[in-house]
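Residue numbers (the numbering used here): 4 to 212. The beta carbon of each residue, even a glycine, is placed where N, CA and C say it ideally should be.
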Amino acid sequence: MEGYIFDLDGVLVDTAKYHYLAWKEIAHSFGFELTPEHNEQLKGIGREVSLRQILVWAGKTLSEETFHDLALRKNERYLQYIEHIDATELLPGVLSYLQHLKAQGKKIALGSASKNARLVLERTSILPLFDTIVDGTMVSQPKPNPEVFLRAAEGLSLSPTDCCVFEDAPAGIKAAKAAGMKAIGVGDAQVLAEADQVIPHFSDLVLSI
Ligand code: BG6
Ligand code: MG
Numbered sequence: 004m005e006g007y008i009f010d011l012d013g014v015l016v017d018t019a020k021y022h023y024l025a026w027k028e029i030a031h032s033f034g035f036e037l038t039p040e041h042n043e044q045l046k047g048i049g050r051e052v053s054l055r056q057i058l059v060w061a062g063k064t065l066s067e068e069t070f071h072d073l074a075l076r077k078n079e080r081y082l083q084y085i086e087h088i089d090a091t092e093l094l095p096g097v098l099s100y101l102q103h104l105k106a107q108g109k110k111i112a113l114g115s116a117s118k119n120a121r122l123v124l125e126r127t128s129i130l131p132l133f134d135t136i137v138d139g140t141m142v143s144q145p146k147p148n149p150e151v152f153l154r155a156a157e158g159l160s161l162s163p164t165d166c167c168v169f170e171d172a173p174a175g176i177k178a179a180k181a182a183g184m185k186a187i188g189v190g191d192a193q194v195l196a197e198a199d200q201v202i203p204h205f206s207d208l209v210l211s212i
């Protein structure tokens, strides 16, 4: 494998919990209790699509204006949560695995739905390790569409079949497979059943991947 493409939230950085907390607060504001099970389906999905999905679950319709207001409030809340994050928020084993790949001359990319991806990479001090970054400001089709990963492979000048993807979300695993890449799930093997391989976290990572 030549190219290693990483999702951000929940794979490199422990920020998935902040997205969940922010969405939970927004949903609560219109009387809907968002559960961890709902949240599992929102992982890897951008802001507007997530809010639309929550409204379907809640059986709510909002005016365009309120919709945009809530989407904005969610992001403001998320930004407050991540205001003081630093490298301690990196998930276990992430830094040494990225450094190991670098030392091996492998190419490293980010493939994330987040529009705040650069900010998170900067704050956790891993930005310089990436050869290319594709984030939510650059793609038009959300995961499970493969666009984000295909663009990452393009950015690395590699063929999709030479790339593997690390993902914590079912939608991201689907996107990686649709891109023709090897999909490695990070987390729960049952939730990520469609992955080619699942690791609980990077500490246990077999360095041969
Ligand atoms: C993804 C997270 O990485 O970023 C989602 O898995 C989150 O939970 C999304 O919603 C954030 O997207 P945005 O559009 O708010 O930057
Ligand atoms: Mg994720």
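Relative to the non-hydrogen atoms of the ligand BG6, the Cβ of residue 22 comes within a distance shorter than 7 Å of at least one. Distance from residue 172 to residue 47 at the Cβ level is roughly 3 Å; contact confirmed, criterion being Cβ atoms closer than 8 Å. By the Cβ-count criterion, residue 117 is buried, with 16 or more other Cβ atoms from all chains shown falling within 10 Å of its own Cβ.
A heavy atom of the ligand MG is found nearer than 7 Å to the CB of residue 46. Cα atoms of residue 41 and residue 191: separation of roughly 16 Å, rounded to the nearest angstrom.
In the displayed model, residue 74 falls within a helix according to three-state DSSP. Distances taken from the Cβ of residue 13 to the heavy atoms of the ligand MG include one shorter than 7 Å. In the DSSP secondary-structure assignment, residue 90 is not bridged to any residue. Rounded to the nearest whole angstrom, the CA to CA distance from residue 160 to residue 125 is 24 Å. Of the candidates 23, 99, 194, the residue whose Cα lies closest to the Cα of residue 54 is 23. Spatial neighbours of residue 154 in its own chain (CB-CB distance under 6 Å, excluding positions within 5 residues in sequence) are listed in chain order as 137.
In the structure shown, residue 112 adopts extended strand secondary structure according to DSSP, grouped into three states. The DSSP-derived three-state label of residue 12 is strand. As far as DSSP is concerned, residue 100 takes part in no beta bridge. Taken in chain order, the complete alpha helix (DSSP H) segments of 4 or more residues contained in the stretch 25–85 are 39–45, 50–61, 67–84. The residue from 7, 20, 200, 179 with its alpha-carbon nearest to that of residue 88 is 20. Between the stretch 98–109 and the stretch 61–79 there are fewer than three C-beta pairs closer than 8 Å, too few to call the two in contact.
With three or more CB-CB distances shorter than 8 Å, the stretch 23–32 counts as touching the stretch 70–90.
For residue 170, the enclosing beta strand (DSSP E) covers residues 166–170. Here residue 201 carries a strand assignment [DSSP, helix/strand/coil].
It is roughly 31 Å from the alpha-carbon of residue 184 to the alpha-carbon of residue 85. Using a cutoff of 7 Å, the CB of residue 181 does not count as near the ligand BG6, since none of the ligand's heavy atoms is closer than that.
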